[in-house]
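Chains as they are written, first to last, in my numbering: chain A, 8 to 277; chain B, 8 to 277.
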């Protein structure tokens, strides 16, 4: 079946490497019969800040405004602002979401964080019961595709910026996996701005090659929700015990005070 | 000497717990003789997205606009937009910066990420030579003070959200320590929204108590810049060797494939 792909794209310039990476995805996936939709956040002038204006009409508690509570209610009542509703519709349609951006300050640019804060509304994207492996988007895939300013060696367990797997954990576990997405390995373009033109070209070529088989890729591994108790959300004693003799922790965050499983946020099957 | 404190505050409502935490800091630190400055980002309507409008006049390469390069140049030439320049002046004056916010999606709200992306300009806040322990702000302190939606147990090495130390690494190492700041232990208010009124009150009381001695606190530990070689920015062999027999890695990110040093992003002296 033809898949629907949504690209959330956050770069200011159509002449950028990020634009080229986004265009490559559109081209290769379209050629495979996929339907592509691109949210070009800067071109859209996408609002980044989470404010009461995201709710049509009166809020329920203006004195002590809580964005998450108010937007949950607004979503239930169809009162979210049109720009949010439009992005939510695109997301509902999508089988795969690709986030294409330059890494800013060990994270996503503010405009993309704004998309995450505003579009992934409580109720629409997650609930107390429906999250992580039981998450609302468990039948969808998502992935990060980004450029760095630093070289790969600097983002290692002995490099000055530290292990990239650690930096990716809050994004891939805390946002993507939290909503249930099957998280594909990130596509990391290491420091294209300081690379030679031919190296940039070969980075794009290997991305195009990967895109050919992207939809069949195995996702990254996370821990099923039922491995945790339902009260304190701690790993169940039997699961913990089963891993007591293992060399590595379960994931980067749920590391059980053991060494982190190598590359677990960067490669599938780790 | 009386200290200057800058609070970067990101909550929409003056009735919120975050507002109360910010107000407590203003009150206690003012009583100690500090000069307080607050950037109330939502009230200011602070622009979050990094765009060409942040530069006065023409950019040098509109075809292939690179925000970091263009703003570095604009900073050198005094062409950054007034809202950025104003925040930079506040930062230059400050001895201590407190970021007060509700954690959104394992990170800072978009409006605060926008402050980070736009105000911490290349040249002003860091350079290739001046970063980490040699960073431009090495004579200043900074800290995160935030509320969570989840309970503390959920953010542990056996909890469903994983170790909070991992989630804090990109923020505290990748942003604060990167600019040289002495990073004070974070003030974490665990799930105040789901706590009883008296528990919220006691959380604020313990924050007030901490604020009394805040300026004398020992910062978190990071690795000095000269422990890395100047080419690939890898840990020097002698430093690596010295730690070969140690039980734990150096930091959360520079973990040397060993277990993470416990609480190292949450408590000083770990």
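From the three backbone atoms N, C-alpha and C, an ideal C-beta is built for every residue, glycine too.
All of these numbers come straight from a predicted model, not from anything done at the bench.
Member of the options whose CA lies at the smallest distance from the CA of residue i
{"i": "residue 166/A", "options": "256/B, 96/B, 175/B and 33/B", "result": "256/B"}
{"i": "residue 65/B", "options": "87/B, 139/B and 55/B", "result": "87/B"}
{"i": "residue 10/B", "options": "146/B, 127/B and 118/B", "result": "146/B"}
{"i": "residue 190/B", "options": "73/B, 103/B and 62/B", "result": "103/B"}
{"i": "residue 20/A", "options": "129/A, 170/A, 239/A and 108/A", "result": "108/A"}
{"i": "residue 234/B", "options": "259/B, 275/B, 139/B and 143/B", "result": "139/B"}
{"i": "residue 192/B", "options": "220/B, 58/B, 200/B and 198/B", "result": "220/B"}
{"i": "residue 70/A", "options": "264/B, 241/B and 23/B", "result": "23/B"}
{"i": "residue 13/B", "options": "76/B, 40/B and 105/B", "result": "105/B"}
{"i": "residue 123/A", "options": "127/B, 123/B and 118/B", "result": "118/B"}
{"i": "residue 30/A", "options": "227/A, 215/A and 175/A", "result": "215/A"}
{"i": "residue 180/A", "options": "151/A, 197/A and 60/A", "result": "151/A"}
{"i": "residue 82/B", "options": "210/B, 127/B, 206/B and 237/B", "result": "127/B"}
{"i": "residue 168/B", "options": "100/A, 51/A, 58/A and 263/A", "result": "263/A"}
{"i": "residue 186/A", "options": "212/A, 218/A and 99/A", "result": "99/A"}
{"i": "residue 252/B", "options": "265/B, 199/B, 89/B and 218/B", "result": "265/B"}
{"i": "residue 157/A", "options": "175/A, 201/A, 205/A and 95/A", "result": "201/A"}
{"i": "residue 270/B", "options": "72/B, 171/B and 260/B", "result": "171/B"}
{"i": "residue 199/B", "options": "67/A, 36/A and 73/A", "result": "73/A"}
Residue range of the alpha helix (DSSP H) that includes residue i
{"i": "residue 90/B", "result": "89-100"}
{"i": "residue 210/A", "result": "204-220"}
{"i": "residue 75/B", "result": "74-83"}
{"i": "residue 304/B", "result": "Since the first and last residues shown for chain B are 8 and 277, residue 304/B lies out of range."}
{"i": "residue 121/B", "result": "117-126"}
{"i": "residue 247/B", "result": "244-249"}
{"i": "residue 231/A", "result": "Neither: residue 231/A is in no alpha helix (DSSP H) and is coded neither H nor E."}
{"i": "residue 264/B", "result": "Element bounds for residue 264/B: n/a, residue is neither H nor E."}
{"i": "residue 176/B", "result": "171-178"}
Extent of the continuous beta strand (DSSP E) run through residue i
{"i": "residue 47/B", "result": "42-47"}
{"i": "residue 16/A", "result": "11-16"}
{"i": "residue 109/A", "result": "103-109"}
{"i": "residue 195/B", "result": "194-196"}
{"i": "residue 161/B", "result": "Here residue 161/B belongs to no beta strand (DSSP E), and DSSP marks it neither H nor E."}
{"i": "residue 151/A", "result": "148-154"}
Distance, residue j Cα to residue i Cα
{"i": "residue 48/A", "j": "residue 15/A", "result": "7 Å"}
{"i": "residue 133/B", "j": "residue 248/A", "result": "46 Å"}
{"i": "residue 42/B", "j": "residue 125/B", "result": "25 Å"}
{"i": "residue 273/B", "j": "residue 34/A", "result": "46 Å"}
{"i": "residue 159/B", "j": "residue 164/A", "result": "27 Å"}
{"i": "residue 245/B", "j": "residue 173/B", "result": "26 Å"}
{"i": "residue 28/B", "j": "residue 44/B", "result": "15 Å"}
{"i": "residue 222/B", "j": "residue 135/B", "result": "29 Å"}
{"i": "residue 93/A", "j": "residue 97/B", "result": "38 Å"}
{"i": "residue 38/A", "j": "residue 208/A", "result": "20 Å"}
{"i": "residue 46/A", "j": "residue 53/A", "result": "9 Å"}
{"i": "residue 143/B", "j": "residue 239/A", "result": "42 Å"}
{"i": "residue 40/B", "j": "residue 177/A", "result": "38 Å"}
{"i": "residue 184/B", "j": "residue 225/B", "result": "14 Å"}
{"i": "residue 267/A", "j": "residue 137/B", "result": "30 Å"}
{"i": "residue 60/A", "j": "residue 277/B", "result": "43 Å"}
{"i": "residue 120/B", "j": "residue 141/A", "result": "29 Å"}
{"i": "residue 232/A", "j": "residue 175/B", "result": "23 Å"}
{"i": "residue 63/B", "j": "residue 51/B", "result": "20 Å"}
{"i": "residue 258/B", "j": "residue 230/B", "result": "8 Å"}
{"i": "residue 197/B", "j": "residue 111/B", "result": "13 Å"}
Distance between beta carbons of residue j and residue i, contact taken as under 8 Å
{"i": "residue 131/A", "j": "residue 195/A", "result": "So it is not a contact: roughly 29 Å between Cβ atoms."}
{"i": "residue 188/B", "j": "residue 149/B", "result": "4 Å"}
{"i": "residue 79/A", "j": "residue 25/A", "result": "No, residue 79/A and residue 25/A are not in contact; Cβ-Cβ is about 33 Å, not under 8 Å."}
{"i": "residue 55/B", "j": "residue 228/A", "result": "Their Cβ separation, rounded to whole angstroms, is 34 Å, which puts residue 55/B and residue 228/A out of contact at 8 Å."}
{"i": "residue 218/A", "j": "residue 32/A", "result": "6 Å"}
Problem - Near-chain A residues of the region 90-104 of chain B - C-beta to any C-beta below 8 Å - result: none
Handout entry: Interface residues of the region 238-271 of chain B facing chain A [CB-CB below 8 Å]
Key = Residues 239, 240, 241, 242, 247, 256, 258, 259, 260, 261, 262, 263, 264, 265, 266, 267 and 269.
Exercise for the section: Please name the residues in the region 14-47 of chain B whose beta-carbon is closer than 8 Å to at least one beta-carbon of chain A, in chain order. Expected result: 19, 20, 22 and 23
Problem - chain B contacts from the region 150-162 of chain A (Cβ-Cβ distance under 9 Å) - result: 156, 157, 158, 160, 161 and 162
Problem - Where the region 172-197 of chain B meets chain A: residues whose CB sits under 7 Å from a CB there - result: 173, 174, 176, 177, 180, 181 and 182
Problem - Near-chain B residues of the region 62-86 of chain A (beta-carbon distance less than 9 Å), N- to C-terminal order - result: 68, 69, 70, 71, 72, 73, 74, 75 and 76
Practice task
For the region 103-126 of chain B, enumerate the residues whose C-beta is nearer than 7 Å to any C-beta of chain A, in chain order.
Solution key: Of all residues in the region 103-126 of chain B, the ones placed with a Cβ closer than 7 Å to any Cβ belonging to chain A are 111, 112, 113, 114, 116, 117, 118, 120, 121, 123 and 124, in chain order.
Handout entry: Contacting positions in the region 220-235 of chain B - beta carbon closer than 7 Å to chain A
Key = 235
Practice task
Mind checking the region 199-216 of chain A against chain B and listing, in chain order, the residues whose C-beta falls within less than 8 Å of any C-beta there?
Solution key: The residues in question are 200.
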